[in-house]
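Engineer: Here the protein sequences come in this chain order: A and B. Residue 427 in the working numbering sits at position 68 of the first sequence, and the numbers go up by one each step. Residue 371 in the working numbering sits at position 12 of the second sequence, and the numbers go up by one each step. Built from N, CA and C at the ideal position, the CB exists for glycine as well. The structure presented is a predicted model; accordingly, all values stated were derived computationally and were not measured. Mind having a look at this structure? Questions to follow.
There are 2 protein chains.
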Amino acid sequence: MDKKREEQLNDIHVLFYFAYRAFIKEPDRILEKHGIQRVHHRILFFIARKPGLSVNELLTSLEVTKQAINVPMRQLIEMGFIISKPAEYDRRVRELYLTEKGQNLERQLSGVQRGKLNPIFEEVGSKNEEIWKVIMKKIIDSE
Amino acid sequence: MDKKREEQLNDIHVLFYFAYRAFIKEPDRILEKHGIQRVHHRILFFIARKPGLSVNELLTSLEVTKQAINVPMRQLIEMGFIISKPAEYDRRVRELYLTEKGQNLERQLSGVQRGKLNPIFEEVGSKNEEIWKVIMKKIIDSE
DNA sequence: AATAAAGGTCAAGTTTATTGACCTAATATT
DNA sequence: AATATTAGGTCAATAAACTTGACCTTTATT
Chain A
360 MDKKREEQLN DIHVLFYFAY RAFIKEPDRI LEKHGIQRVH HRILFFIARK PGLSVNELLT
420 SLEVTKQAIN VPMRQLIEMG FIISKPAEYD RRVRELYLTE KGQNLERQLS GVQRGKLNPI
480 FEEVGSKNEE IWKVIMKKII DSE
Chain B
360 MDKKREEQLN DIHVLFYFAY RAFIKEPDRI LEKHGIQRVH HRILFFIARK PGLSVNELLT
420 SLEVTKQAIN VPMRQLIEMG FIISKPAEYD RRVRELYLTE KGQNLERQLS GVQRGKLNPI
480 FEEVGSKNEE IWKVIMKKII DSE
């Protein structure tokens, strides 16, 4: 790999770093108003993406231990944002759902991010959106 | 915004989340071997990108307080990875540089990430690389 | 009946940050 | 020349978001 190519890849690294940071920045202010943090958002996000997922699936997705989400999840339940109920197929498993209040908050938080992404991807067009997605998928699969 | 578009944007969100996580994951193992953490990497990374930057510029780039980097930076100086010297134009300002040892470590860490990015961007071609970069820049500028 | 799995909880410790206060040295302002 | 400001460094207390380890209940599996 020559010097020039290295620099190009470093530029990509820098873009990745700053773009991700710009992307996650705005919801933090909203979260603060509700007295919750980024962990809570992540939990709401994953439940919204797959309603009824188990605690174990959530742990696996977030790559944390059950102890790590114990406190924030209990808070979210107490605040009435999520509910957990035993799965029919196995009553040891608890399925997680957003309440209506939880759905509203999640929609608000994700809405901010959609509001950021939408004009950008509209502007570049669906073909380029596809290219961006393919590259991101490759990065995920390179693990 | 219709329901379908919302879901597409949520998919983008999910890709962004997992791609970033996949990207930053691998260097952590190397860092651990050296007994340092992600903060140290970030410091090395920024100094490598702009040798001679001031402490204040580093703080601004990282968006942290001076107290936050005080400890890791002192460690990096003690370990001989970076040096700081007074700027000629204003001797209150300290310019930060990587030592040769620091350059080697930074190259190793960034090398892992370049090694991940290179085959992917080679495969999709330079035109698509440009598209990805343009989109990321737009996300950064949307702040 | 015994074992295993899903989940919950307590405790202690770590990393990475924060705010606030205070200090030195160098430069800018009056 | 005296004073104020800026760059940087450091100590202390606190917080968030984790970690590992131990232990418990409930439900399923063997």
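#1: Would you say B/Lys363 reaches chain A, if we count a Cβ-Cβ gap shorter than 8 Å as a contact?
#2: Chain B beta carbons: is any one of them nearer than 8 Å to that of A/Val398?
#3: For A/Gln396 and A/Arg380, what's the separation of their Cα atoms in angstroms?
#4: Residues of chain B with CB closer than 8 Å to the CB of A/Arg341, please, in chain order.
#5: Note down, in chain order, every chain A residue with its Cβ under 7 Å from the Cβ of B/Gln472.
#6: Using the Cβ count rule (16 or more neighbours within 10 Å means buried), how would you classify A/Ser469?
#7: Assuming the contact rule is C-beta atoms closer than 8 Å, B/Leu457 and B/Ile406 should be a hit. Round their C-beta distance to whole Å, please.
#8: Less than 8 Å between the beta carbons of B/Gln418 and B/Ile441, yes or no?
#9: A/Ala378: buried (16+ other C-beta within 10 angstroms of its C-beta) or exposed?
#10: Should B/Glu352 and B/Lys475 be called a contact, given that it needs their Cβ atoms to be closer than 8 Å?
#11: Tell me which residue opens and which closes the beta strand (DSSP E) that B/Lys444 is part of.
#12: Keeping to the same chain, check which residues put their C-beta closer than 8 Å to that of A/Leu464; ignore five residues upstream and five downstream.
#13: Can you tell which of B/Glu488, B/Ile490, B/Lys444 has its C-alpha closest to the C-alpha of B/Pro410?
#14: How is the beta strand (DSSP E) around B/Phe502 delimited, first residue to last?
#15: In this structure, how does DSSP classify B/Arg453 when only helix, strand and coil are distinguished?
#16: With 16 as the cutoff for other CB atoms within 10 Å, does B/Glu366 come out buried or exposed?
#17: Which chain A residues sit within Cβ distance under 7 Å of B/Tyr456?
#18: For A/Phe412, return the contacting residues in chain B, with the cut-off set at a CB-CB distance below 7 Å.
#19: How would you list, in chain order, the residues of chain A whose beta-carbon sits under 9 Å from the beta-carbon of B/Val493?
#20: Within the same chain, show all residues whose beta-carbon is closer than 6 Å to that of B/Val414, passing over the 5 residues directly before and after it, in chain order.
#21: Taking the alpha helix (DSSP H) that A/Gln396 belongs to, which residues open and close that run?
#22: Distance, Cα to Cα, A/Val398 vs B/Arg450?
#23: From which residue to which residue does the alpha helix (DSSP H) around B/Gly461 run?
#24: Can you find a C-beta in chain A that's less than 8 Å from the C-beta of B/Ser469?
#25: Name the chain B residues that come within less than 8 Å of A/Leu476, Cβ to Cβ?
#26: Of the residues B/Ile498, B/Ala427, B/Glu488, which one's Cα is nearest the Cα of A/Lys497?
#27: Give a yes or no on whether the C-beta atoms belonging to B/Ile494 and A/Trp491 are separated by under 8 Å.
#28: With a CB to CB cut of under 6 Å and the five nearest residues on each side skipped, what residues in its chain are close to A/Ser420?
Structural biologist: Reading from the atomic positions:
#1: no
#2: no
#3: 16 Å
#4: No information on residue 341 of chain A is available, as it lies outside the stretch 360 to 502 that chain A covers here.
#5: His372
#6: buried
#7: 5 Å
#8: According to the sequence displayed, residue 418 of chain B carries Leu and not Gln. No.
#9: buried
#10: Examination of residue 352 of chain B is not possible in this model, given that chain B is present from 360 through 502 alone.
#11: 441-445
#12: His393, Leu403, Phe440
#13: B/Lys444
#14: The question names Phe, but residue 502 of chain B is Glu in the sequence shown. First-last for B/Glu502: undefined, no H or E at that position.
#15: strand
#16: exposed
#17: Ordered by position in chain A, no residue passes the 7 Å Cβ test against B/Tyr456, which lies about 17 Å from the chain.
#18: The residue you asked about is not Phe; residue 412 of chain A is Leu in the sequence shown. Within chain B, no residue comes near A/Leu412; the closest Cβ sits about 14 Å away, beyond 7 Å.
#19: Val483, Asn487
#20: Arg453
#21: No alpha helix (DSSP H) holds A/Gln396; DSSP gives it neither H nor E.
#22: 43 Å
#23: 459-483
#24: yes
#25: Leu368, Ile371, His372, Ile498
#26: B/Glu488
#27: yes
#28: Phe405
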